[in-house]
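Heads up: the sequence lines are chains A and B, in that order.
Residues are numbered in the working numbering as their position in the first sequence, beginning at 1, plus a constant of 15.
Residues are numbered in the working numbering as their position in the second sequence, beginning at 1, plus a constant of 4.
Note sheet for the following structure.
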Amino acid sequence: MTTPRTDRSRWYWLLLIPVAIPLATPLFNAVEPSVFGIPLFYWLQLAFIVLGVTTTTVVYRMTRRGR
Amino acid sequence: MTTEIVIFTVLFLLVSGVGFVAARWRRADDLASLNEWGLGGRSFGSWITWFLVGGDLYTAYTFVAVPALLFGAGAMGFFAVPYTVVVYPLVMLVLIRLWSVSHVHGLVTPADFVRARFGSPTLALLVAITGIVATMPYIALQLVGIEAVLKTMGVTGDLPLIIAFAILAAYTYQSGLRAPALIAFVKDSLIYVVILAAIIYIPAKLGGWETILAQAQAKFEATPSPGDGILLNANNQIQYVTLALGSALALFLYPHSVTGVLASRDRNVIKRNMSALPAYSFLLGMIALLGYMAIAAGVTPIGKDSNTVVPLLFDKMFPDWFAGVAFAAVGIGALVPAAIMSIAAANLFTRNIYREYLRRDATDAQEARVSKITSLVVKVGAVLCILLIDPQFSIDLQLIGGVIILQTLPAVALGLFTRWFHRAGLIAGWIAGMGAGLWMLYNISSPTHAHFAGSGFPLEQLGLDTKVTVYAGFLALIVNLVVAVLGTLLARALKAADGPDATRPDDYTADRDDPRVHEREISGSA
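See the structure below:
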């Protein structure tokens with residue numbers, strides 16, 4: 016039962032990274048190091064947005080069809 | 005005060021005009037089908053989808069309520085950021101598969117999919133009702149966003165709210181999904197301008213972030229409540245994580261999110277948006293921190309309504325004209341999701357109740373007409389909810405909404421990957437998850453509320469010796485999954501009849517250039 020098109024690709028496993036890391040709160044539930052007076056807890060979680068965007072962009076590019 | 009009201013009104017009316025004109029935008033030959041009225045012709049590209057889905061998910065209520073949470077409880081309220089970060093990688097695969105199967109089979113709602121996949125009208129009905137019940141209070145809450153702004157401007161009485169919603173109802177009726185798609189451009193541009201100004205201008209005026217955070221910390225230390233603070237504590241960390249994850253899993257089960265996704269042109273549009281939508285999460289994170297700025301600015305909410313803190317902060321810090329722009333951004337921000345939600349709820353009613361149980365041979369035009377009328381009914385219901393019942397009730401209902409919509413996950417999301425579950429198992433799981441979720445929510449109390457006081461369920465109530473709290477929806481989903489698995493095994497053992505699966509494996513990977521998808525676009529029927 017092979018179909019010409021499939022949603023199986025190793026690249027999709029990458030998506031687990033930006034799901035797992037932002038949920039590991041014990042790693043960053045702290046004030047220091049703070050940036051511009053914003054505690055680690057806040058700025059790092061905002062930085063995870065970049066992690067999410069990077070990962071989804073890579074996965075999109077590597078699994079794109081019809082090139 | 006007057007300047008604010010004038011600017012608010014002008015912008016609001018301008019946007020309403022755009023809503024009416026939208027019917028002519030990317031004009032279809034005939035708006036009289038759900039594909040056109042309810043899904044904008046299923047033709048939206050990356051940009052439109054970005055604005056539409058962004059405007060749909062990041063609602064006015066979110067923009068008002070999340071900072072209110074930080075204002076009241078601190079770090080816990082910041083869950084909205086990880087929630088909207090993990091959601092996109094989590095659902096990317098789910099959504100592209102849903103898009104494909106929906107295009108091949110002409111499906112409009114998540115319940116349509118369940119009907120086709122599991123051959124069970126009963127299960128589809130449960131999914132449809134869950135969707136409608138979860139969406140209704142969400143629409144009502146958009147009114148809470150407008151109300152908070154009106155209150156701050158000193159506008160009282162119910163009439164302004166009713167007028168705002170009547171205008172919204174009229175252009176949604178006329179233009180369908182095209183209206184919110186077009187308005188979303190204006191709304192998001194306004195919001196971006198306002199928030200960028202706020203995060204640069206306000207902290208500078210308040211003496212910098214360090215001062216703001218110090219004042220927030222001082223406020224939380226002064227309260228007797230153990231759960232607040234600018235960091236999480238040992239007891240609410242698990243709740244923070246489960247709430248973020250549970251909310252992320254729930255987000256794309258909401259019918260209005262599905263509507264936005266199905267309206268896009270192809271799979272690549274969805275994938276690209278999974279990387280572009282987090283731009284809004286950044287905005288949301290900034291907005292969340294407005295809650296702390298409100299503490300530092302010494303804002304006291306109007307009455308006991310903490311949803312007024314952000315409008316009050318704008319009122320206090322910005323010059324009048326800019327506060328007017330900011331209020332308009334929130335007010336218009338309420339219109340986009342309210343329109344999409346009412347369209348989604350109406351589609352559920354039309355496809356999974358009207359067509360399934362009342363009129364099996366309904367034509368496309370009849371479906372569109374029923375949806376248009378239902379969208380009006382839904383909005384009238386939402387207005388009545390806010391005017392006649394205590395708004396707190398809507399907030400409770402919305403809390404419940406998140407928990408109950410999660411109970412459709414096994415059928416909708418897992419169903420996209422596997423046909424292993426038996427329809428009887430899924431129905432049993434839904435009932436169990438629903439019961440467990442409601443029971444837990446009912447038993448969550450606080451000093452001010454005896455029941456429904458939040459979504460953090462204390463494990464103490466299960467007889468465990470701990471102060472840890474966990475998101476009720478997450479626990480309910482576990483109950484649901486366990487029962488669904490056991491029910492499936494039992495149904496198989498008893499050789500209970502399973503429903504037919506109308507889909508094929510390659511339906512889930514079809515793209516726009518697939519001949520079957522193309523056929524569907526031409527015939528346009530279901």
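For each residue, glycine too, the CB sits at the ideal point set by N, CA and C.
Buried or exposed (CB count within 10 angstroms, at least 16 for buried), residue i
| i | result |
| --- | --- |
| W531(B) | Because residue 531(B) is not part of the residues shown, which for chain B are 5 to 530, the question remains open. |
| F51(A) | exposed |
| Q465(B) | exposed |
| T17(A) | Because the pLDDT of T17(A) is 39, which lies under 50, any placement of that residue in the model is unreliable, and the number read from its coordinates should be weighed accordingly. Counting Cβ neighbours within 10 Å, T17(A) comes out exposed, since fewer than 16 surround it. |
| K499(B) | exposed |
| Y142(B) | buried |
| T312(B) | buried |
| W28(A) | exposed |
| W41(B) | buried |
| L31(A) | exposed |
| H453(B) | exposed |
| W424(B) | exposed |
| Q396(B) | exposed |
| D162(B) | exposed |
Residue i, DSSP secondary structure in three states
| i | result |
| --- | --- |
| P341(B) | helix |
| F456(B) | coil |
| I393(B) | coil |
| G233(B) | strand |
| G52(A) | coil |
| P462(B) | strand |
| S198(B) | Here residue 198(B) turns out to be Val, not Ser, going by the sequence shown. Looking at V198(B) - three-state DSSP - the assignment turns out to be helix. |
| F48(B) | strand |
| Y244(B) | helix |
| V387(B) | helix |
| V65(A) | helix |
| G491(B) | helix |
| G528(B) | Only weak support is given to the placement of G528(B): the predicted model assigns it a pLDDT of 41, under 50, and the question is left unresolved by the model. |
| S24(A) | coil |
| V73(A) | helix |
Contact with chain B by residue i, beta-carbon distance below 8 angstroms
| i | result |
| --- | --- |
| L38(A) | yes |
| R25(A) | no |
| P54(A) | yes |
| L59(A) | no |
| L42(A) | no |
| P33(A) | yes |
Test: residue i CB closer than 8 angstroms to a CB of chain A
| i | result |
| --- | --- |
| R101(B) | yes |
| S50(B) | no |
| M297(B) | no |
| V521(B) | no |
| S527(B) | In this prediction, S527(B) scores a pLDDT of 42, lower than 50, which makes its location untrustworthy; the coordinate-derived value is nonetheless stated afterwards. For S527(B), the answer is no, since every Cβ of chain A falls outside 8 angstroms of its Cβ. |
| N356(B) | no |
| F12(B) | no |
| W424(B) | no |
| I199(B) | no |
| I195(B) | no |
| I435(B) | no |
| F75(B) | no |
| T513(B) | yes |
| P184(B) | no |
| I291(B) | no |
| F67(B) | no |
| M438(B) | no |
| P86(B) | yes |
| E225(B) | no |
| F286(B) | yes |
Residue i to residue j span [Cα, whole Å]
| i | j | result |
| --- | --- | --- |
| L61(A) | V262(B) | 26 angstroms |
| P259(B) | T215(B) | 42 angstroms |
| H564(B) | A506(B) | Past the edges of chain B, shown from 5 to 530, lies residue 564(B), and the structure says nothing about it. |
| A185(B) | A497(B) | 49 angstroms |
| V340(B) | D394(B) | 24 angstroms |
| R355(B) | G81(B) | 37 angstroms |
| T227(B) | A77(B) | 10 angstroms |
| T473(B) | I171(B) | 43 angstroms |
| T78(A) | S24(A) | 7 angstroms |
| W443(B) | W51(B) | 42 angstroms |
| A333(B) | K191(B) | 6 angstroms |
| G491(B) | L485(B) | 10 angstroms |
| G406(B) | S285(B) | 19 angstroms |
Residue i: contacting residues in chain D (beta-carbon distance under 7 angstroms)
| i | result |
| --- | --- |
| L392(B) | In the structure shown, chain D does not exist; the protein chains are A and B. |
### Task
Please list the segments of the beta strand (DSSP E) lying wholly inside the stretch 279-313 of chain B, counting only runs of 3 or more residues, in order along the chain.
none
### Query
Taking the runs of the alpha helix (DSSP H) that are 4 residues or longer, which of them lie wholly in the stretch 93-141 of chain B?
114-122
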